[in-house]
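Heads up, the thing below is written out as structure tokens.
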Amino acid sequence: MCILWAEDIPFLGCFLDKDGVRANPKMVCAIAQWLVPVSQEDLRKWLGLANYCANYAEMARPLTNLLKNDAVWPWTSEAQQAL
Numbered sequence: 000m001c002i003l004w005a006e007d008i009p010f011l012g013c014f015l016d017k018d019g020v021r022a023n024p025k026m027v028c029a030i031a032q033w034l035v036p037v038s039q040e041d042l043r044k045w046l047g048l049a050n051y052c053a054n055y056a057e058m059a060r061p062l063t064n065l066l067k068n069d070a071v072w073p074w075t076s077e078a079q080q081a082l
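So for the sequence shown, numbering that gives the first Met the number 0 puts the first residue at 0; every next one is plus one.
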């Protein structure tokens, strides 16, 4: 498919435009509506979905720390902010 003179171009679930790559708003909306994880299994599912976002690793650090073997599961305000 060839797209000419477009403001942005859909590509692999993102949009490419003159400023770079941005997330598909539909995908971001789906991530935002996901329920708050209540277990490590739920958190792994959410992180798999959110991996789609730019700067994912830095934003998700408080959440990925909850997946460590010795992690205690209190859901903190820091985790909520990262979610």
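A virtual CB, placed ideally from N, CA and C, is assigned to each residue, including glycine.
DSSP-derived helix/strand/coil call for residue i
i     : result
Leu34 : coil
Outcome for residue i when other beta-carbon atoms lying within 10 angstroms are tallied against a minimum of 16
i     : result
Pro36 : buried
Leu62 : buried
Leu66 : exposed
Contact belief for residue i with residue j at Cβ below 8 Å, rounded distance in angstroms
i     : j     : result
Leu46 : Ala59 : 6 Å
Inter-residue Cα distance where the pair is residue i and residue j
i     : j     : result
Glu77 : Asn64 : 11 Å
Gly12 : Met26 : 8 Å
Trp33 : Gln80 : 14 Å
Gln39 : Asn23 : 27 Å
Lys17 : Pro73 : 43 Å
Ala29 : Leu15 : 20 Å
Asn50 : Ala56 : 8 Å
Thr75 : Leu82 : 11 Å
Jot down the residue ranges of each uninterrupted alpha helix (DSSP H) in the segment 4 to 69, minimum 4 residues, whole runs only, in chain order. 24 to 31, 39 to 49, 55 to 63
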